[in-house]
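Below: one structure, written as structure tokens.
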Amino acid sequence: MNGAAQPLIFHPGTPVRVDRLPCVPVAGFRETVIRDVEQGARLAALFGLETATGEIELVAILAHPERGVLAALTTRPGAAYPALTPDCPQAQGFEREVAEQWGVLPQGHPWLKPLRFHPPFGKRPSVWPRTQAEPARPGMINFFQMTGEEIHEVAVGPVHAGIIEPGHFRFQCHGEQVFHLEISLGYQHRGVERSLIGAPGKRTIHFMETLCGDTTIGHAMAYAQALEALGAGAVPSRAQALRAIALELERLANHVGDLGALAGDVGFLPTASFCGRIRGDFLNLTALLCGNRFGRGLIRPGGVAFDLDEASADELRRRLEQAGRDIRSAVDLLWGSPSVMARFEQTGTLAPEDCRALGLVGPVARACGLERDVRYEFPFGVYCFEQIPVSTWTSGDVFARAYVRWLEIQRSLDFIYAQLAALPKGPISGAVGALMPEALVVSLTEGWRGEIVHVALTDAQGRFRRYKVVDPSFHNWMGLALAMRRQPISDFPLCNKSFNLSYCGHDL
Amino acid sequence: MNLISCLHMAVALILAPLMLGVINRTKARVAGRNGAPLLQLYFDLGKLLRKGAVYSRTTTWVFRAGPLIGLAAVLGALLVTPFGKSGAVLAFDGDLVLFAYWLGLMRFVTVLAALDTGSSFEGMGASREVFFSALAEPAFLLGLVGLARATDAISLSTILPSISAATWLAAGPALALIATAWLVILLAENARIPVDDPNTHLELTMIHEVMVLDHCGPDLGLILYGAALKLWVMGALLVSLLTPVRYGVVWQDALVFLGGMLILAVGIGLIESAMARLRLARVPQLLMGASALAVLALMLIMK
Numbered sequence: 000m001n002g003a004a005q006p007l008i009f010h011p012g013t014p015v016r017v018d019r020l021p022c023v024p025v026a027g028f029r030e031t032v033i034r035d036v037e038q039g040a041r042l043a044a045l046f047g048l049e050t051a052t053g054e055i056e057l058v059a060i061l062a063h064p065e066r067g068v069l070a071a072l073t074t075r076p077g078a079a080y081p082a083l084t085p086d087c088p089q090a091q092g093f094e095r096e097v098a099e100q101w102g103v104l105p106q107g108h109p110w111l112k113p114l115r116f117h118p119p120f121g122k123r124p125s126v127w128p129r130t131q132a133e134p135a136r137p138g139m140i141n142f143f144q145m146t147g148e149e150i151h152e153v154a155v156g157p158v159h160a161g162i163i164e165p166g167h168f169r170f171q172c173h174g175e176q177v178f179h180l181e182i183s184l185g186y187q188h189r190g191v192e193r194s195l196i197g198a199p200g201k202r203t204i205h206f207m208e209t210l211c212g213d214t215t216i217g218h219a220m221a222y223a224q225a226l227e228a229l230g231a232g233a234v235p236s237r238a239q240a241l242r243a244i245a246l247e248l249e250r251l252a253n254h255v256g257d258l259g260a261l262a263g264d265v266g267f268l269p270t271a272s273f274c275g276r277i278r279g280d281f282l283n284l285t286a287l288l289c290g291n292r293f294g295r296g297l298i299r300p301g302g303v304a305f306d307l308d309e310a311s312a313d314e315l316r317r318r319l320e321q322a323g324r325d326i327r328s329a330v331d332l333l334w335g336s337p338s339v340m341a342r343f344e345q346t347g348t349l350a351p352e353d354c355r356a357l358g359l360v361g362p363v364a365r366a367c368g369l370e371r372d373v374r375y376e377f378p379f380g381v382y383c384f385e386q387i388p389v390s391t392w393t394s395g396d397v398f399a400r401a402y403v404r405w406l407e408i409q410r411s412l413d414f415i416y417a418q419l420a421a422l423p424k425g426p427i428s429g430a431v432g433a434l435m436p437e438a439l440v441v442s443l444t445e446g447w448r449g450e451i452v453h454v455a456l457t458d459a460q461g462r463f464r465r466y467k468v469v470d471p472s473f474h475n476w477m478g479l480a481l482a483m484r485r486q487p488i489s490d491f492p493l494c495n496k497s498f499n500l501s502y503c504g505h506d507l
Numbered sequence: 000m001n002l003i004s005c006l007h008m009a010v011a012l013i014l015a016p017l018m019l020g021v022i023n024r025t026k027a028r029v030a031g032r033n034g035a036p037l038l039q040l041y042f043d044l045g046k047l048l049r050k051g052a053v054y055s056r057t058t059t060w061v062f063r064a065g066p067l068i069g070l071a072a073v074l075g076a077l078l079v080t081p082f083g084k085s086g087a088v089l090a091f092d093g094d095l096v097l098f099a100y101w102l103g104l105m106r107f108v109t110v111l112a113a114l115d116t117g118s119s120f121e122g123m124g125a126s127r128e129v130f131f132s133a134l135a136e137p138a139f140l141l142g143l144v145g146l147a148r149a150t151d152a153i154s155l156s157t158i159l160p161s162i163s164a165a166t167w168l169a170a171g172p173a174l175a176l177i178a179t180a181w182l183v184i185l186l187a188e189n190a191r192i193p194v195d196d197p198n199t200h201l202e203l204t205m206i207h208e209v210m211v212l213d214h215c216g217p218d219l220g221l222i223l224y225g226a227a228l229k230l231w232v233m234g235a236l237l238v239s240l241l242t243p244v245r246y247g248v249v250w251q252d253a254l255v256f257l258g259g260m261l262i263l264a265v266g267i268g269l270i271e272s273a274m275a276r277l278r279l280a281r282v283p284q285l286l287m288g289a290s291a292l293a294v295l296a297l298m299l300i301m302k
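Protein chains in written order, with numbering that gives the first Met the number 0: chain A, 0 to 507; chain B, 0 to 302.
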């Protein structure tokens, strides 16, 4: 038994020296990760990095919510190692990513297909042998196929009917019923992680704000926290409060937009139209904070770039109350319409055990009854002092995902009112010093889609030698594929909208 | 055939797209929006007819013939559709069967054109369309049979104009059942909520729309115009059934009929605003329900 290794225990937002990370043999690494995940931890990140000798090191970050701590350990797998995924399904995306980025083969991975279709870093050989004439191209994989009478295949995307991001969906159907859905993304890959090596620089914050356009605040906040941890910066409490207000406004705008889009997908026009407008009202409130509807330019390492004066705070409160009343009447229409409920209930049901096994996050996990919320499990900023209750529902279907959003809308509104009523006085920005060299920091925030993980590793000069971003969509796309099993294919758009995942957040 | 009925047909040809404008405007108003202009479909048709068309290399003449034959078929149906309380251009015993088959032909060529593309979307749409219309047709025909029996006539131009207040007094419940069944069929056949969503962009959920995804330019214009005419002819039957007054004066009857069509359009808009689409698997139940209503009406009339 006890080949399991002892990982390094630390807290999010606290830098640790890289040389304290235990580097263990692969067997011990696997055993620890699998054991901890079985016991309720979550694989928050698993990524590769290149050591000075050119060897690849795998770093696993495990989140232990019950203790509020993180655990990290590393291993050097060489060219191949026995995959974690068969024993720990939530590693599936991470291991595919490592294989693609570093050419390290996870042997026995049941689903080893490229994620983003780029050549490996540093001219390493790819685990998918390709010729020069036939480079990796998005969507060019061996899709899972079924054979048999009356089985038909439906391909959707990468060009979609609506104005949305590109992604390819391959359905194996029997009549109207979906047996299997395979999702192949990578069309939006920009190479953000690679371009962050050697950062931070002037452009870095802009990369962060556009990692996933609708989660500007969430990602910028995670980045700012990472930098503040490494640079021993203290964020004034007024800035902390303004950040939290912005984060909740982002959540409000997106949740409202999602409820409207869900209504639109079932052809229920009143809520669809109203929510479209009210989403704009919430976006405008973010613009009131910083002049940009998506919150670009608000969050800066050390604090925030814009203060909220007395008059604007009153204006914010007044418009928030109005939007809050509007959204209540628009959303009440949804729950009060039997025809809408008939579409939402028991559509795209996800079992809690699948949700747990795949390590899903955010409203999707909470809709399965899992109390998974970074604001509660690993509180950051103002959330250390001001609790937002975790909103859960148990049915795991489209209705649950919609209803959790509605619960969160109400709680976010209450939270912002409370913050505005007791906005601390003082400066809005503090200094951030030189970054700690040879250090690792993990920064967590709860964006509107769920847990955002940023892991920064610095070199001897205090520059990033690796910056890993895990967007909540990275975990949750697999959940969508699973939720579609045995569903009518005509319900796919509705299910998809209830997850509303990001393509570019996944593709980075 | 006479001049008045030809004039009536011309009015139908001109006003049919307006009905969709009224529906869309109603939906927009209920949702708190201004909405597109009432004449939007006319603008769209004008734009589409000026465009060129792109044809996939996998398609054959079937694909190109679809919209033409489809429009011709619905024009055929319009020929035998009475204009409220005045007779149609063509009227003869048994034209009600012809009416049903004109619409059947229209659907048939649309389905063929969809299958001709070889696209999985269009195939799915075609299969849904055929399945649902097989359930919708009996309800429609049974309703016609019931009315024929109630009025002792077998021509649409005789049946519908002769439905008067007296008919309603004599067979009110049966007529109400038929009207309800026809309303359901009208919504189903014309791709309206709760069966289909004419506004959606989501191919996987569509029924009618997905079958015409590959058509563009003038072909799409013909299809859209044909769809507007189809809504008009089916609406005309329903409105004629529901208006028991007949003045005998051409312009008065025409005004009552057009008023009825306006109310119907607003009504459809309100229905679409008030409810969500049905789950696709529930649509057959709705159509079976309509058939059941029509059977019940027939039994009430035959008793």
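Here a beta-carbon is modelled for each residue, glycine too, at the ideal position from N, C-alpha and C.
Would you verify that the beta carbon of A/L395 is, or is not, closer than 7 Å to some beta carbon of chain B? The sequence shown places Gly at residue 395 of chain A, not Leu. A/G395 does not count as touching chain B.
In the structure shown, what three-state DSSP assignment does A/G302 receive? strand
Of the residues B/L44, B/L286, B/M105, which one's Cα is nearest the Cα of B/P66? B/M105
So the candidates are A/E249, A/Q187, A/V15, A/D313; which of them puts its Cα closest to the Cα of A/A421? A/D313
Excluding the 5 residues flanking B/A170 on each side, which residues of the same chain have their C-beta closer than 8 Å to its C-beta? A149, L299, I300
Indicate whether at least one CB of chain B lies closer than 7 Å to the CB of A/I140. no
Could you check the C-alpha separation between B/L70 and B/Y224 for me, to the nearest Å? 8 Å
Taking 7 Å as the threshold (beta carbon to beta carbon), is A/S183 in contact with chain B? no
Taking 7 Å as the threshold (beta carbon to beta carbon), is B/H386 in contact with chain A? As displayed, chain B neither begins before 0 nor continues past 302, which places residue 386 of chain B out of reach and without an answer.
Bounding residues of the beta strand (DSSP E) (the contiguous stretch that carries A/C172): 167-173
When the Cα atoms are used, what is the spatial distance from B/S161 to B/L286? 28 Å
So, is A/Y466 buried or exposed, given that buried needs 16 or more other C-beta atoms within 10 angstroms? buried
In whole angstroms, what separates the C-alpha of A/F463 from that of A/G446? 23 Å
Run down chain B in chain order and give the residues with a C-beta less than 8 Å from the C-beta of A/A154. S119
At the 7 Å Cβ level, is B/I304 part of the contact set with chain A, yes or no? Absent from the model: residue 304 of chain B. The displayed extent of chain B is 0 to 302, so no value can be given.
Please identify the residue among A/V303, A/G478, A/F93 whose C-alpha is closest to the C-alpha of A/P362. A/G478
Reducing DSSP to helix, strand and coil, say where A/K112 ends up. coil
Spatial neighbours of A/M0 in its chain, beta-carbon cut-off 6 Å, leaving aside the 5 residues before and after: Confidence at A/M0 is low in this model, with a pLDDT of 42, below 50, so its placement is unreliable and no value can be given for it.
Could you give the DSSP three-state label for A/V23: helix, strand or coil? strand
With distance defined between alpha-carbon atoms, name the residue in A/E30, A/L226, A/R327 nearest to A/R410. A/R327
Below 7 Å on C-beta distance, what does A/A341 contact in chain B? R278
Got a sec? Which residues, its chain only, sit under 8 Å from A/C172 by beta carbon, not counting five neighbours each side? I150, H151, E152, V153, F178, I488
Any C-beta of chain A within less than 9 Å: which residues of the segment 241-272 of chain B qualify? E271, S272
Go to A/V440, then tell me how far its beta strand (DSSP E) extends in each direction, as first and last residue. 438-446
Could you please give the first and the last residue of the uninterrupted alpha helix (DSSP H) stretch that includes A/E314? 309-334
With C-beta atoms as the reference, is A/V452 less than 7 Å away from A/A44? yes
Using Cβ-Cβ distances below 8 Å, what residues of the segment 265-281 of chain A are close to chain B? V265, G266, F267, L268, P269, A271, S272, F273, R276
How is the alpha helix (DSSP H) around B/A165 delimited, first residue to last? 164-188
In or out: A/W392 buried (at least 16 other Cβ within 10 Å) or exposed? buried
Under 7 Å by beta carbon: chain A residues contacting B/R32: S272
Comparing the C-beta of A/A260 with each C-beta of chain B, is any distance below 7 Å? no
Which of the three DSSP states, helix, strand or coil, is assigned to A/V468? strand
For a quick check, are the C-beta atoms of A/E56 and A/R75 less than 7 Å apart? yes
Could you name the residues of the same chain whose beta carbon sits closer than 7 Å to that of B/V317, not counting the 5 residues immediately before and after it, in chain order? Look at the range of chain B in this structure, 0 to 302, and you will see that residue 317 of chain B is not part of it.
Closer than 7 Å, CB to CB, is B/P202 near chain A or not? Before going further, note that residue 202 of chain B is Glu rather than Pro in the sequence given. Yes, B/E202 lies at the interface with chain A (some Cβ there is under 7 Å from its Cβ).
Would you please state the rounded distance, in angstroms, between the beta carbons of A/E249 and A/I204? I believe it to be under 8 Å. About 16 Å; that fails the 8 Å criterion.
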